Amino acid sequence: MIESQITTDVNSLNPQVIRNSMPYTINQNGEVNLPIVGLVNVNNKTEQETELMLTKLYSEYYIDPFVNIVITNKFITIYRGGSDAKQLLISRPDLTVLDAIGQAGGIPENARSSKIKILRTVNGEKLTEEIDLSGIEDINKAQAYVMPNDIIYIEPGLNAHFFREISPIITTVSSIVVIYAFFANLNK
């Protein structure tokens, strides 16, 4: 599992403060261990909410601190049936499920657009939501924003490759049955 990283840039109007900008890893509990303030829970917070929270925390140590947050390693994984999986970087904060599927190449011809699952971990609990994109009814669900480490699973349909492989066998068997029936009727 890919963990997100947070890059903090703390500046102050205090001339004795040295600029501190380096990446810190957010653990699976949504916590990041930062200099001076220690372990901070940033789970389910936006970048802006995290900046405000850290500004308040650092204001106890610095005069007028300015905190800038950049979250990196924000990926989602899209399984498009079979062995076709893609990992996408969340390029913007308003990336929707529908946008992500489109960036991954869309819904394959042999996949079931009625069985798309979004798997997400929130506060250690695994959640699954199913979306049916075969009609217009669930289009609002597909407009939900993706979150880092989401998994979008598009259930494969009946494999078209399987039918291509088996069709010559079916043709041969049906031809034999037709020929047998023809000769059986001739002998009557």
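In terms of numbering that gives the first Met the number 0, the sequence shown opens at residue 0 and continues consecutively. Don't be surprised by glycine CBs; every beta carbon is placed ideally from N, CA and C. These figures come from a predicted structure and were not determined experimentally.
| said: Measuring only the C-alpha atoms, how far is Ile-62 from Glu-48? | reply: Cα-Cα distance, rounded: 20 angstroms.
| request: Go to Lys-125, then tell me how far its alpha helix (DSSP H) extends in each direction, as first and last residue. | output: For Lys-125, there is no enclosing alpha helix (DSSP H); the enclosing beta strand (DSSP E) has its first and last residue at 124-130.
| field | Whether Asn-40 touches Glu-30 by CB criterion (9 angstroms) | value | For Asn-40 and Glu-30, yes; Cβs fall inside 9 angstroms.
| 9 angstroms Cβ cutoff met for Ala-99 and Ile-151 | Going by C-beta atoms, Ala-99 is nearer than 9 angstroms to Ile-151.
| request: Say whether the segment 164-182 touches the segment 105-123, bearing in mind that this needs 3 or more beta-carbon pairs closer than 8 angstroms, one atom from each stretch. | output: No, the segment 164-182 is not in contact with the segment 105-123.
| request: Could you pull out every residue in the same chain whose Cβ sits closer than 6 angstroms to the Cβ of Ser-113, ignoring the five residues on either side in sequence? | output: Once the five neighbours on either side are set aside, the close Cβ partners of Ser-113 are Asp-131 and Ser-133.
| query | How big is the Cα-Cα spacing for Thr-127 and Asp-149? | reply | Rounded to whole angstroms, Thr-127 and Asp-149 show a C-alpha spacing of 10 angstroms.
| said: Am I right that Lys-85 and Ala-103 are in contact with their C-beta atoms under 8 angstroms? What's the rounded C-beta distance? | reply: Right, their Cβ atoms sit about 5 angstroms apart.
| request: Label Glu-2 either buried or exposed according to how many other C-beta atoms from any shown protein chain fall within 10 Å of its C-beta, with 16 as the threshold for buried. | output: Legend: pLDDT at Glu-2 = 46, less than 50; position of this residue unreliable, value from coordinates given subsequently. Counting Cβ neighbours within 10 Å, Glu-2 comes out exposed, since fewer than 16 surround it.
| Quick one: complete beta strand (DSSP E) runs, 3+ long, within the segment 45-120? | 65-71, 74-78 and 84-88, all fully within the segment 45-120.
| query | Helix, strand or coil: how does DSSP classify Glu-154 here? | reply | Residue state, collapsed to three classes: strand.
| said: Can you look up Ile-17 in the DSSP assignment and give me helix, strand or coil? | reply: Only weak support exists for where Ile-17 lies, its pLDDT of 47 falling under 50; the coordinates are left without a value.
| request: Would you check if the distance between the CB atom of Ile-75 and the CB atom of Met-146 is smaller than 9 angstroms? | output: Yes; because the gap between Cβ atoms is below 9 angstroms, this pair is in contact.
| task | Measure the alpha-carbon distance for Ser-90 versus Leu-56 and round it to whole angstroms. | result | Answer to the nearest angstrom: the Cα atoms are 29 angstroms apart.
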